[in-house]
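Scroll down for the structure; my scribbles are underneath it.
Numbering (this note's numbering), first residue to last: 52 to 402.
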């Protein structure tokens, strides 16, 4: 379910512009009516109120609070608070918000079911304040789609497959460039090709992420075989199960994992199978989580600045709330390749 533009897909609550169209007035007139402004003709007020009733329009508490200047708060909608990327982004949001004297609340999306997400969205918008969505998965993407059109929102998203429309309130890390760089590193070590263990994705054809796209591009540019990626979850146990399969294939000499937790499971599976890392197989991860430097062997990985991403989402939202600055979708700081002990030269072919 990729994010597609700044519109909400599926059924959504009526927006202030829907009411304006139905009543034949401007959305500014609708705003004056719902906020009790006296300078509206009685007949116009009646038309707007009738349209409000017919469409079931609910005024956004967030937008009302922002218009009245009575709030310095935000709510983060996320399905996860523990995985490294999510947790680091939350830390960045909280640090930047605290420095600006904003209060931060968290609304956890328990599943991707519409009823569950709608309820979380309703509660978040009813509290007033700005909104940040961590849309790395289906619940986050669905929340972004279901938010009212007039809600002040910024989202951290997966790297878009194509350039998003101007005005899309999104920031991201450049996963494609990161995957391309680490794959190129493995090829430069002499590996004939690189196998990939992919995390779930909400973008791209068939659910393939831009991490997968960057890995494929590097292999194709080098004229190397492109193995079918192995799909997995997020956890070390998923990496362990995939690692057992990879360990049985003597042709596998390099593996790029979709995150460091998967790499942790792969390392364990290879150890149990008697495959030495990096002498027999090189393993690289993604994210540079806190544990990656302390594994045995220490993990080569891509460092993504999730904390900086969190700060960037707040900065974008803060500008929108306080200054009315235009929203510009953009990536944050470029990724860095961290070379450690888990990658090395390709093994020499046995005679």
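Every residue, glycine too, gets a C-beta built ideally from N, C-alpha and C.
Residue i in three-state terms, based on DSSP
i: residue 343; result: helix
i: residue 313; result: helix
i: residue 125; result: strand
i: residue 77; result: coil
i: residue 260; result: coil
i: residue 369; result: helix
i: residue 273; result: coil
i: residue 249; result: strand
i: residue 240; result: coil
i: residue 152; result: coil
i: residue 333; result: strand
i: residue 70; result: helix
i: residue 302; result: coil
i: residue 91; result: coil
Identity of the residues DSSP links to residue i by a beta bridge
i: residue 353; result: 388
i: residue 338; result: 354
i: residue 222; result: 207, 381
i: residue 282; result: 249
i: residue 214; result: Per DSSP, none; premise fails for residue 214.
i: residue 328; result: Partner(s): none; residue 328 has no beta bridge.
i: residue 307; result: 247, 335
Cβ neighbours of residue i in the same chain (closer than 6 Å, five flanking residues each side left out)
i: residue 81; result: 67, 70, 71, 99
i: residue 157; result: 127
i: residue 148; result: 155, 365
i: residue 319; result: 291
Close-in-space but distant-in-sequence residues of the same chain around residue i (CB under 7 Å, 5 per side omitted)
i: residue 142; result: 358, 361
Cβ shell of residue i (< 8 Å), same chain only, five flanking positions each side left out
i: residue 237; result: 245, 305, 307, 333, 335, 394
i: residue 349; result: 343, 391, 392, 393
i: residue 317; result: 248, 290, 291, 293, 294, 297, 306, 308, 334
i: residue 73; result: 102, 105, 106
> Can you list the beta strand (DSSP E) stretches of 3 or more residues lying completely in the segment 155 to 202, in chain order?
Replying inline: DSSP runs (the beta strand (DSSP E)) wholly in the segment 155 to 202: 181 to 186.
>> Does the contact criterion of 3 or more C-beta pairs under 8 Å hold for the segment 241 to 250 versus the segment 197 to 214?
In response: The segment 241 to 250 and the segment 197 to 214 do not touch, with fewer than 3 CB-CB distances between them shorter than 8 Å.
> Does the count of Cβ pairs from the segment 343 to 356 and the segment 167 to 187 closer than 8 Å reach three?
Replying inline: Output reads no: the segment 167 to 187 does not touch the segment 343 to 356.
>> Below 8 Å, how does it come out for the segment 287 to 297 and the segment 260 to 277: are there three or more Cβ pairs, yes or no?
In response: No contact exists between the segment 287 to 297 and the segment 260 to 277.
> Can you find at least 3 beta carbon pairs, one from the segment 323 to 332 and one from the segment 265 to 281, that sit closer than 8 Å?
Replying inline: Taking a contact to require three or more Cβ pairs closer than 8 Å, the segment 323 to 332 and the segment 265 to 281 do not qualify as touching.
> Does the segment 383 to 391 touch the segment 225 to 236, meaning 3 or more C-beta pairs lie closer than 8 Å?
Replying inline: A contact exists between the segment 225 to 236 and the segment 383 to 391.
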